[in-house]
Amino acid sequence: QIVRSFEQMMLIAIPKAWAGRASEAEREESLALHREVADAIANRDPLRAREAMESHFARSIGELFHRAES
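Quick note, the sequence shown lines up with residues 249 to 318 if you use my numbering.
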């Protein structure tokens with residue numbers, strides 16, 4: 249249910265975020281971060297899932313600030 253609560257926002261945010269990935273390397277890095285989260289959840293490892301999400305959020309927020317300043 250938590251993931252579903254973000255569904256409408258993600259329908260807008262994901263295409264915009266993906267379009268902002270200028271290079272294949274940036275896209276691969278983004279996919280790797282998401283794989284880490286998914287793998288941790290699939291392996292029922294809450295500590296690793298939390299760390300992966302924190303890393304993902306920190307990167308995403310940093311990118312948003314960088315874009316806002318540009």
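Glycine included, every Cβ here is placed at the ideal spot set by N, Cα and C. Treat the numbers as computed from the prediction; the structure is a model and nothing was measured.
Burial state of residue i (16 or more Cβ within 10 Å)
i, result
"A290", "exposed"
"A267", "exposed"
"A300", "buried"
Neighbourhood of residue i by C-beta, 6 Å cutoff - its chain only, sequence neighbours within 5 removed
i, result
"E274", "none"
"E284", "A300"
Spatial neighbours of residue i in its chain, beta-carbon cut-off 7 Å, leaving aside the 5 residues before and after
i, result
"S303", "L281"
"S278", "R269"
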